[in-house]
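Let me begin by presenting the structure, written as structure tokens, before commenting on it.
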Amino acid sequence: MIDSFLRYISFEKRYSQHTVKSYQNDLNQFEQYAQQQFNISSLSEATQLMIRSWVLSLMDEGTSARTVNRKIASLRSFYKFLLKRESITKDPTQKIKSLKVKKELPGFANEEEFSTFLDRLVFEDSFEGKTEQIILELLYGTGIRLSELLGLKVSDFKSSESTIKVLGKRNKERIIPVSKRLNELLKNLIAEKNHVFSHDQNSYLIVNKNGGQAYPMMIYRIVRKYLNQVPSLDKKSPHALRHTFATHLLDKGADLNAVKDLLGHSSLAATQVYTHNSLEKLKSVFDQAHPKA
-18 MIDSFLRYIS FEKRYSQHTV KSYQNDLNQF EQYAQQQFNI SSLSEATQLM IRSWVLSLMD
42 EGTSARTVNR KIASLRSFYK FLLKRESITK DPTQKIKSLK VKKELPGFAN EEEFSTFLDR
102 LVFEDSFEGK TEQIILELLY GTGIRLSELL GLKVSDFKSS ESTIKVLGKR NKERIIPVSK
162 RLNELLKNLI AEKNHVFSHD QNSYLIVNKN GGQAYPMMIY RIVRKYLNQV PSLDKKSPHA
222 LRHTFATHLL DKGADLNAVK DLLGHSSLAA TQVYTHNSLE KLKSVFDQAH PKA
């Protein structure tokens, strides 16, 4: 039953491997709990009471509200699938409410500090060093997600147009412009990659030292290695660079809709969270400069 659902979201909905794995973990966890606590033989037998009991147990264990909500969402999608397939007659998640989550503002680096940090960075004059530089420059210079970075192919980079083609969530493609500096860095990396490994336009842009596709922990390790030098950045992660990219654009007066398109958001609501940071900066300037402030 779980396997059928996972195949559905993998091949029909075309969710990423990371997302599919998250669904699998959540469903397996609930299945194990329901079997141990209520002795059910199939998830089709689960009830609203069982799900609420599981949610309470997660909260007692100290699981964050955000994580609990993700697990509830996994169950909702699963039972919606079963209902559609007529494997069940009633959705047990129908009256399960998500927990209230305190809205956290995205963490980002101070613009002046981050600019100085980038200018002072020194990378090894090797393929690995060039790769590390491109990873940082791409994440901050384009605001792409970790999964999008990992999926970039050599053929997605168009040097003559100074653009990269990104495959985002729900397999939506978007074209992102790159700066002259980043354009040159990408050309140099590809030339070095072709020298070290076989020339293949369909190969991945970011690879490990053996030429294989890069993986999430590799990117996290490289990003943390350098971002530890940025005190104003609380979270040293690839996503923090995405937040920094968006905040710096808006601080410079970029159009909100343009930033939305660059980030690959489906609606403005997801992008508007960054405007708070810009408003705080405006308020600070107002308080310091206005005679009646």
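Numbering (my numbering), first residue to last: -18 to 274.
All residues carry an ideal CB built from backbone N, CA and C; glycine is no exception.
Owing to the predicted nature of the structure, the values given are computational and were not obtained by experimental measurement.
query	result
Touch test, the region 219 to 226 against the region 118 to 137, Cβ-Cβ under 8 Å, three pairs minimum	yes
Any 3 or more C-beta pairs closer than 8 Å across the region -3 to 15 and the region 53 to 70	yes
Cβ shell of Asn164 (< 7 Å), same chain only, five flanking positions each side left out	Ser140, Ser143
Closest by C-alpha distance to Met31, when choosing among Pro73, Lys78, Ser3	Pro73
At least three beta-carbon pairs within less than 8 Å, the region 65 to 84 to the region 19 to 28	yes
Inter-residue spacing [alpha-carbon to alpha-carbon] between Met40 and Gln18	16 Å
One or two residues paired with Tyr185 in a DSSP bridge	Lys134
Backbone secondary structure at Gln194 - three-state DSSP	strand
Per-residue burial, Lys(-6) [other beta carbons within 10 Å of its own, 16 or more giving buried]	exposed
Selected residue, minimal CA-CA separation from Ser(-15), among Leu63, Thr48, Asn50, Ser38	Leu63
Option in Ser136, Arg47, Arg51, Lys206 with minimal Cα separation from Phe104	Lys206
Secondary structure of Pro281, DSSP reduced to three states	Look at the range of the chain in this structure, -18 to 274, and you will see that residue 281 is not part of it.
Simplified DSSP assignment, three categories, for Glu142	coil
Given 8 Å, three or more beta-carbon pairs between the region 187 to 194 and the region 93 to 113	yes
Segment limits, beta strand (DSSP E) that includes Pro158	154 to 158
Per DSSP, the bridge partner or partners of Val147	Arg155
Residue range of the unbroken alpha helix (DSSP H) whose run includes Arg162	161 to 177
Environment of Glu42 [buried if 16+ CB atoms lie within 10 Å]	exposed
Start-to-end residues for the alpha helix (DSSP H) that takes in His224	219 to 232
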